[in-house]
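Chemist: I have a structure I would like to understand better, so I am pasting it below and will then ask my questions one at a time.
Number of protein chains: 4
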Amino acid sequence: MTLIAPDVGIPDQPGVETVRRLAERCSNWGRWGADDELGTLNHIGPDEVAAAAGLVRTGRVFSLSIPVDENGPQTGGFGRFNPIHLMIRDGNGAATGTTVRDFYGGRDRWIRGTDDLLILPLQSGTQWDSLAHIVFDNRIYNGYDATSVGSKGAIRNDIANARDRLVGRGVLLDIPRAKGRPWLEPGEAIHAEDLEACERAQGVTVGRGDIVLVRTGQIAQCRDAGSWGAYAGGPAPGLALDAAPWIFDRELAAVATDTWGMEVLPNQTEDVFQPLHIILIVHAGLLVGEIFDLEALAEDCAVDGRYEFLISAAPLPITGGVGSPVNPIAIK
Amino acid sequence: MTLIAPDVGIPDQPGVETVRRLAERCSNWGRWGADDELGTLNHIGPDEVAAAAGLVRTGRVFSLSIPVDENGPQTGGFGRFNPIHLMIRDGNGAATGTTVRDFYGGRDRWIRGTDDLLILPLQSGTQWDSLAHIVFDNRIYNGYDATSVGSKGAIRNDIANARDRLVGRGVLLDIPRAKGRPWLEPGEAIHAEDLEACERAQGVTVGRGDIVLVRTGQIAQCRDAGSWGAYAGGPAPGLALDAAPWIFDRELAAVATDTWGMEVLPNQTEDVFQPLHIILIVHAGLLVGEIFDLEALAEDCAVDGRYEFLISAAPLPITGGVGSPVNPIAIK
Amino acid sequence: MTLIAPDVGIPDQPGVETVRRLAERCSNWGRWGADDELGTLNHIGPDEVAAAAGLVRTGRVFSLSIPVDENGPQTGGFGRFNPIHLMIRDGNGAATGTTVRDFYGGRDRWIRGTDDLLILPLQSGTQWDSLAHIVFDNRIYNGYDATSVGSKGAIRNDIANARDRLVGRGVLLDIPRAKGRPWLEPGEAIHAEDLEACERAQGVTVGRGDIVLVRTGQIAQCRDAGSWGAYAGGPAPGLALDAAPWIFDRELAAVATDTWGMEVLPNQTEDVFQPLHIILIVHAGLLVGEIFDLEALAEDCAVDGRYEFLISAAPLPITGGVGSPVNPIAIK
Amino acid sequence: MTLIAPDVGIPDQPGVETVRRLAERCSNWGRWGADDELGTLNHIGPDEVAAAAGLVRTGRVFSLSIPVDENGPQTGGFGRFNPIHLMIRDGNGAATGTTVRDFYGGRDRWIRGTDDLLILPLQSGTQWDSLAHIVFDNRIYNGYDATSVGSKGAIRNDIANARDRLVGRGVLLDIPRAKGRPWLEPGEAIHAEDLEACERAQGVTVGRGDIVLVRTGQIAQCRDAGSWGAYAGGPAPGLALDAAPWIFDRELAAVATDTWGMEVLPNQTEDVFQPLHIILIVHAGLLVGEIFDLEALAEDCAVDGRYEFLISAAPLPITGGVGSPVNPIAIK
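Chains as they are written, first to last, in the working numbering: chain A, 258 to 589; chain B, 258 to 589; chain C, 258 to 589; chain D, 258 to 589.
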């Protein structure tokens, strides 16, 4: 494992050619066979899981999901809205007696139930992007055609492939804390050298099969401001282009951030939007998590100095899903 | 911990009075304070979680969720339908170029994304019932009024309370296997003595804070038949009334089955529908899981003879949710 | 028919007692029988419809609905959002060939279809309020209990009752034009005397069975501003309390406005929100239309001086619906 | 106007070449300009509307929509399900007091409202197909590219184009009644000569700009059977291929039937599914209505012998919609 940030020669004004070069540099197409749909999840095997379980010391459990409700960050971009929660039957119907009338055929057998429903854009809150989420040059991960993702969903690379994955060693890289600040500012890039400096500051090293959580503090900043503001789709701190080969070389299984889109926004590439999505999701086949709420976990890690833990973050096995909501659980 | 099935004196033809007696016998109202919304999840603390992590040996991971898609078991009962998966934007739009037109304001910056959406009844597939899911005598768990569950969802006992819970020691009780059969038949009751016989056959003992998975084999039976048939709401094998005090006395944190509704159907009580929901959810405050797919896990347990494992099954933190889909993960 | 605005003695600071008095004054409970669910629609019979058809001269047709799409006025109040339009299958799938794969079982028989879906709050755009939409003192129109509107919808007074109604003589009362202004300002009340002055200015008289469209110009104002702003739920011009007995005495079948909520906002009653909804919907049983786009029709009426026409505005027959989207058609 | 069924030389075993020939024979591409999106709706102008209003005699009104609810005919084909109706807030909340808590910020100002929501596949019930609903050889009506119908809906030929159309002379052709039968059987074709025989039997002639309702009686048959059965997508009586040039030559504005898909099923063309959709929607630009409930209207027409009326059947102006639910109103 290299501990040196790779020299990938990012030019001052990178563009699509740089993206193509990095995509080739970080490509995992074919690495696990022509039929692979797991990408970097192949870096985790049973041994890694067993070892990760050994990291549990105190049994403290952290949920890394923001609440699933109408108060989320979405403002309509890309057709995404906040989850809509509706009752199919509720306790008022129990209290007034209409539940029996409406749901039990009028026969009262003492019980009354309540049921509910979500209308849920799968990328609206804390979520995994599947390897079918991004298309570049008409291809998704491992070279499958873009048309693999049709009106009925993805027949290749859907999120259900990860149904029994995304369990393993989790490592938090708390970038602002390593820099002695509460959060990074929107537009502030996290370079490979920042990731390594954070490792050194925290006394931890990330490697093959790790699920790495990169904290920018943007959720803390929103809470401090009392509003999501432009969190969804607006300027954000995030990973820089040179983080891609670093992530690739370290053979990480997944990377998640506490931002809407993992990458620094505005992007370094004037002509390419969200270039790391192209490099990491399409070519490296990396599972990317977004809108992970790392605040409570980060507090705890700062207190005990332990930044590694067992993480259990399997998605819902949504057939054809190009994303999935997830409540990632860190166990220390 | 008692290993003896409690003598609860279930009459031959039990009715609502038996249900009331059992509800009183198994009540946890007030046990953890007048404001408690966690119920039996209080049986799990950090020590139990840490001990459970110690059960992991091989790192094999099992997903216990059925696929989230339109081919689920629901047929409309109680307003429940199978999940509806729709694309907001797909790979065809990437292939034809309309993604740029429709989602990026006409400016081509190389990337194309796909997004999707679920319309998801929260009790449609593999799920946890929250402690707000069942009302009896106009009360939900801990005595809160039924009107705590209004049009906007539950303001008491919602599933989000369990956001960092439902992680702990999992134990599979494979009832049919202990009886040397592939599955129990619909209408076949599982009594406390069956649970204990299964413990003995498997060489395992369940106790305080455990998340117990009771396999009936009904999903296997449906797969064998090639159809869900009347799985959702129809006759089912399941727990009998005398299982309630047994579960209560063992101080289990949660119980899940591979059936639609945990209980034997037709119920023992002619006049009460789903009496265990009243006793266990409303009064004991027990988290109940349903439609857990235990087949692959059961095969593995039969092979290695180990029926205990770490289970990680936190729900989505749906504000006001009376249930949540879950992809329960068993780690052996 | 009285042509004089009734003296209803509205006090300077009206409150709930005034509302109660007006509700009693304008009540139609029992007028058409104890089982009536039609309310003022009883004022229209075949003769009125036939006479209304006779108003058609030129055959010009006006649609009075705002577009049904995500750019509507809703901002989340009362759980209302703008309609969400999603494709089930689209033309891109036809172009790339995935429609055959995903929807025709892989057998190409030349045709490709497109299908779509709406998630539609029924009060989100141009709509009729049913007589089940408002509850006062636990009663809806004709005295039915509030619990008639349960989790499955209204079993009394649902909008489907009007499936073959709301066809008849339409009359536009263009209040701002009668006052020589482009629009009324938010908070500006329309009194009975304004309605009568408008009748005189336009040379038209409204009466029994008419479907009266009251233009405030608020939609024009929003268009002029380039934004819906606070249109949904915010300050609005609209009917004053003394319009209620006027509407009642005139025996109108329905009243619609180009505002979110028909009434002047802020309301005259400090302690009662939307008092006319109580008086007119609950007690008079009046069908109320909202967010009717009257701009093009008003222009035409101003040109030819004819403010009466055939209107055809039946709702969708939504079983249990407490409202319905509608595309009201005026034929001149 | 020809009253003779055109000799179009349909071979005994027609196939795609016959469809192509008929499509060319019946094409309206370019007829109303390269930018036209109205198709045969151009056949109706103000004069036709005014004349149609003159058909109103008695003022009897007929709704031609089936109920919009969960009991509709859909069974999942093409991703279509029956409408799902959910309450956002209901009368139970009014009765128990939670409406004030949940929707009015806790401040009681006397009123309580109820609101609801539909999840509505636009082709699930009584509906118009827009001219963007069918693609053939990668083109929709007037030659627009299939990709005009992307993830955000149709940017060409959407149903909103008809927002102030589909009002005019309606004519019912009651085919089974003309044959002295209660209904046609599934698979029974309606040929041009059947249409003309029906005209003669009824003493009516259809022509330019008419909105023609062709009754097969299939809904009556379903009602008689007590079940929708295979109504949605299964064998059906319907129009034969030779009806296409007849409809084209008569210059009808729209054709609707009481079946799921207008055409006889099984289709005459072994290799082409729903060939009339290709000929009439894609090439003739004809508005097609489906699942129109013609039973009550047909009874009335049989009684008074008058088969013509004013019809008002504008769709909801759904931006980008490829279909729309409609409650068509016939006024006699």
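Beta carbons: idealized from backbone N, C-alpha and C, even for Gly.
Three or more C-beta pairs under 8 Å: does that hold for the stretch 365-381 of chain C against the stretch 339-354 of chain C?
Modeler: In short, these stretches touch, since the Cβ pair count reaches three.
Chemist: Straight-line CA distance for residue 261 of chain C to residue 403 of chain C?
Modeler: Here residue 261 of chain C refers to the residue found at position 4 when the third sequence is read from its first residue. Here residue 403 of chain C refers to the residue found at position 146 when the third sequence is read from its first residue. Unreliable placement is indicated for residue 261 of chain C, whose pLDDT of 49 sits below 50; no coordinate value is reported for it.
Chemist: Could you give the DSSP three-state label for residue 575 of chain A: helix, strand or coil?
Modeler: Translated into positions along the first sequence, residue 575 of chain A becomes position 318. Here residue 575 of chain A sits in strand by DSSP.
Chemist: My assumption, with CB atoms under 8 Å, is that residue 514 of chain D sits in contact with residue 473 of chain D. Please give the rounded CB distance.
Modeler: Against the fourth sequence, residue 514 of chain D aligns to sequence position 257. Against the fourth sequence, residue 473 of chain D aligns to sequence position 216. With a Cβ gap of about 6 Å, residue 514 of chain D and residue 473 of chain D count as contacting.
Chemist: Span of the alpha helix (DSSP H) holding residue 481 of chain C?
Modeler: Reading the third sequence from its first residue, position 224 is the one you call residue 481 of chain C. Note, residue 481 of chain C: alpha helix (DSSP H), 475-482.
Chemist: For the candidate residues B:562, B:484, B:563, B:554, whose alpha-carbon lies nearest to that of residue 587 of chain B?
Modeler: Residue 587 of chain B sits at position 330 when you count from the first residue of the second sequence. Comparing Cα positions, the closest option is B:554.
Chemist: When the Cα of residue 559 of chain D is compared with those of D:570, D:439, D:579, D:448, which residue comes out closest?
Modeler: Here residue 559 of chain D corresponds to residue number 302 of the fourth sequence, with the count starting at 1. Answer by Cα proximity: D:439.
Chemist: Residue range of the alpha helix (DSSP H) that residue 433 of chain A falls in?
Modeler: Residue mapping note: residue 433 of chain A aligns to position 176 of the first sequence, counting from 1. 432-435 is the span of the alpha helix (DSSP H), which, as asked, contains residue 433 of chain A.
Chemist: If we ignore side chains and look at the alpha-carbon of each, how far apart do residue 565 of chain D and residue 332 of chain B end up?
Modeler: Position 308 of the fourth sequence, counting from 1, holds the residue named residue 565 of chain D. Position 75 of the second sequence, counting from 1, holds the residue named residue 332 of chain B. If you take the alpha carbons of residue 565 of chain D and residue 332 of chain B, they lie about 42 Å apart.
Chemist: Please confirm whether residue 350 of chain A has its beta-carbon closer than 7 Å to some beta-carbon of chain F.
Modeler: In summary, chain F is missing from the structure at hand, where the protein chains are A, B, C and D.
Chemist: By DSSP's criteria, residue 344 of chain D is part of a beta bridge. Which residues make up the other side?
Modeler: Position 87 of the fourth sequence, counting from 1, holds the residue named residue 344 of chain D. DSSP output for residue 344 of chain D lists D:373 as bridge partner(s).
Chemist: What did DSSP end up calling residue 550 of chain C once you bin it into helix, strand or coil?
Modeler: By one-based count along the third sequence, residue 550 of chain C stands at place 293. Correct three-state label for residue 550 of chain C: coil.
Chemist: Using C-beta distances below 6 Å, list every residue in its chain close to residue 424 of chain A, excluding the 5 sequence neighbours before and after it, in chain order.
Modeler: For the purposes of this step, residue 424 of chain A is taken as residue 167 along the first sequence, with counting starting at 1. Hits under 6 Å: 306, 569.
Chemist: Going along chain D, which residues have a C-beta under 8 Å from residue 345 of chain A?
Modeler: Counting from one through the first sequence, the residue named residue 345 of chain A turns up at place 88. Those within 8 Å of residue 345 of chain A in chain D are 343.
Chemist: Starting from residue 353 of chain D, find everything on chain A with Cβ-Cβ shorter than 9 Å and list it in chain order.
Modeler: Here the question's residue 353 of chain D lines up with position 96 in the fourth sequence. Those are 348, 349, 352, 353, listed as they occur along chain A.
Chemist: Between which residues of its own chain and residue 451 of chain D is the CB-CB distance below 7 Å, once the five residues before and five after are set aside?
Modeler: Numbered from 1 along the fourth sequence, position 194 holds the residue referred to as residue 451 of chain D. Around residue 451 of chain D: 432.
Chemist: Fully enclosed by the stretch 453-521 of chain C, which beta strand (DSSP E) runs are 3 residues long or longer?
Modeler: Whole beta strand (DSSP E) segments, 3+ residues: 468-472, 511-514.
Chemist: Under 7 Å, CB to CB, which of the residues in the stretch 285-312 of chain D have a partner in chain B?
Modeler: Here the close residues number zero.
Chemist: Can you pull the chain B neighbours of residue 374 of chain C, defined as C-beta to C-beta under 8 Å?
Modeler: Walking along the third sequence from the start, residue 374 of chain C turns up at place 117. Residues of chain B passing the Cβ test: 343.
Chemist: Looking at chain C, is there any beta carbon in it that lies within less than 7 Å of the beta carbon of residue 316 of chain D?
Modeler: Here residue 316 of chain D corresponds to residue number 59 of the fourth sequence, with the count starting at 1. Yes - at least one Cβ of chain C is within 7 Å of the one on residue 316 of chain D.
Chemist: Indicate whether at least one CB of chain B lies closer than 7 Å to the CB of residue 473 of chain D.
Modeler: Walking along the fourth sequence from the start, residue 473 of chain D turns up at place 216. It does not: the Cβ of residue 473 of chain D has no partner Cβ on chain B nearer than 7 Å.
Chemist: Looking at the unbroken beta strand (DSSP E) that takes in residue 582 of chain B, where does it start and where does it end?
Modeler: Position 325 of the second sequence holds residue 582 of chain B. It spans 580-582 - the beta strand (DSSP E) in which residue 582 of chain B sits, taken as one unbroken run.
Chemist: For a contact defined as C-beta to C-beta under 9 Å, what are the partners of residue 358 of chain B on chain D?
Modeler: Translated into positions along the second sequence, residue 358 of chain B becomes position 101. Neighbours of residue 358 of chain B on chain D, chain order: 404, 407, 409, 412.
Chemist: Taking CB distances under 7 Å as the criterion, tell me whether residue 331 of chain C reaches chain D.
Modeler: Within the third sequence, residue 331 of chain C is the residue found at index 74, counting from 1. No, residue 331 of chain C lies away from the interface with chain D (no Cβ there is under 7 Å from its Cβ).
Chemist: Should residue 328 of chain D go down as buried or exposed, given a rule of 16 or more other Cβ atoms within 10 Å for buried?
Modeler: Residue mapping note: residue 328 of chain D aligns to position 71 of the fourth sequence, counting from 1. Label assigned to residue 328 of chain D: exposed.
Chemist: Would you say the stretch 445-463 of chain D touches the stretch 484-491 of chain D, given that touching needs at least three Cβ pairs under 8 Å?
Modeler: They do not touch, by the three-pair rule.
Chemist: Please report how far the alpha carbon of residue 574 of chain B lies from the alpha carbon of residue 270 of chain D, in whole angstroms.
Modeler: By one-based count along the second sequence, residue 574 of chain B stands at place 317. By one-based count along the fourth sequence, residue 270 of chain D stands at place 13. Answer to the nearest angstrom: the Cα atoms are 60 Å apart.
Chemist: If you follow the alpha helix (DSSP H) that residue 306 of chain C is part of, which residue opens it and which one closes it?
Modeler: The sequence position of residue 306 of chain C within the third sequence is 49, counting from 1. Where residue 306 of chain C is concerned, the enclosing alpha helix (DSSP H) stretches over 303-310.
Chemist: Given this structure, state the Cα-to-Cα distance separating residue 501 of chain A from residue 395 of chain A, to the nearest angstrom.
Modeler: Residue 501 of chain A sits at position 244 when you count from the first residue of the first sequence. Residue 395 of chain A sits at position 138 when you count from the first residue of the first sequence. Each residue's alpha carbon lies about 21 Å from the other.
Chemist: Based on Cα-Cα distance, which residue from C:393, C:419, C:362, C:321 lies nearest to residue 577 of chain C?
Modeler: What you label residue 577 of chain C is simply residue 320 of the third sequence in a count that begins at 1. Considering only alpha carbons, the answer is C:419.
Chemist: Whole angstroms is fine: what's the gap from residue 317 of chain C's alpha carbon to residue 302 of chain D's?
Modeler: On the third sequence, position 60 is the one that residue 317 of chain C refers to. On the fourth sequence, position 45 is the one that residue 302 of chain D refers to. Computed Cα separation, rounded: 8 Å.
Chemist: Under 7 Å between the Cβ atoms of residue 345 of chain C and residue 387 of chain C?
Modeler: Within the third sequence, residue 345 of chain C is the residue found at index 88, counting from 1. Within the third sequence, residue 387 of chain C is the residue found at index 130, counting from 1. No, they are not a contact pair.
Chemist: Skipping 5 residues on each side, what residues in its chain have a beta carbon closer than 6 Å to that of residue 572 of chain D?
Modeler: In the fourth sequence, the residue the question calls residue 572 of chain D occupies position 315. If we look at residue 572 of chain D and ignore the five residues flanking it on each side, its Cβ neighbours are 385, 416, 419, 581, 583.
Chemist: Nearest to residue 310 of chain C by alpha carbon, out of D:426, D:375, D:413, D:266?
Modeler: Along the third sequence, one-based indexing puts residue 310 of chain C at 53. The shortest C-alpha separation from residue 310 of chain C is found at D:426.
Chemist: Quick check: is any heavy atom of the ligand ADP less than 6 Å from the C-beta of residue 301 of chain C?
Modeler: For the structure depicted, the ligand ADP is absent and the ligand set is empty, with no information on it obtainable.
Chemist: So, for residue 567 of chain C: in the same chain, excluding its five sequence neighbours on each side, which residues have a beta-carbon less than 6 Å away from its beta-carbon?
Modeler: Taking the third sequence and counting its residues from 1, one reaches residue 567 of chain C at position 310. Correct list, in chain order: 309, 310, 312, 313, 588.
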